[in-house]
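Enquirer: For the sequence shown, full-length UniProt numbering begins at 1 and goes up steadily by one.
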Amino acid sequence: MGFFSKLFGGGKAPQPKEVEPVEYKGFLIYQEAIAENGQYRIAGRITKDVDGELKEHKFIRSDVVGSESDANELMLNKAQMFIDQMGESIF
1 MGFFSKLFGG GKAPQPKEVE PVEYKGFLIY QEAIAENGQY RIAGRITKDV
51 DGELKEHKFI RSDVVGSESD ANELMLNKAQ MFIDQMGESI F
């Protein structure tokens, strides 16, 4: 029965990792690298509370690297640069 569950999508979906955000200039940056074919794709979210509403910007880059920590470090650097350039207009 396990074979058919895997084949047709039954069973439990993988649980997303709990990610501790990094605060930067009032924004919260979530580093969420995506495992892909033995490498990690740079991905994450930027959030900010604007007038009592949580705004969120998700992004996935085409860049892949060999380790999850490298992908998360690059994501943090790219997110900080994006915040510096765009500010709240990213939402």
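Positions of the beta carbon are idealized from the N, C-alpha and C atoms, including for glycine.
Within 10 Å of its beta-carbon, does N72 have 16 or more other beta-carbons around it, so buried, or fewer, so exposed?
Expert: buried
Enquirer: Consult DSSP for A13 and reduce its assignment to one of helix, strand or coil.
Expert: Unreliable placement is indicated for A13, whose pLDDT of 47 sits below 50; the coordinate value is still reported in the next sentence. Looking at A13 - three-state DSSP - the assignment turns out to be coil, as it is neither helix nor strand.
Enquirer: If you measure between the beta carbons of F90 and I46, is that distance less than 8 Å?
Expert: Here the sequence assigns Ile to residue 90, which means Phe is not the residue at that position. Cβ atoms of I90 and I46: closer than 8 Å.
Enquirer: Out of curiosity, what's the CA-to-CA distance linking Q31 and P21?
Expert: 7 Å
Enquirer: Under the three-state reduction of DSSP, which class applies to S67: helix, strand or coil?
Expert: DSSP, read as helix, strand or coil, puts S67 in coil.
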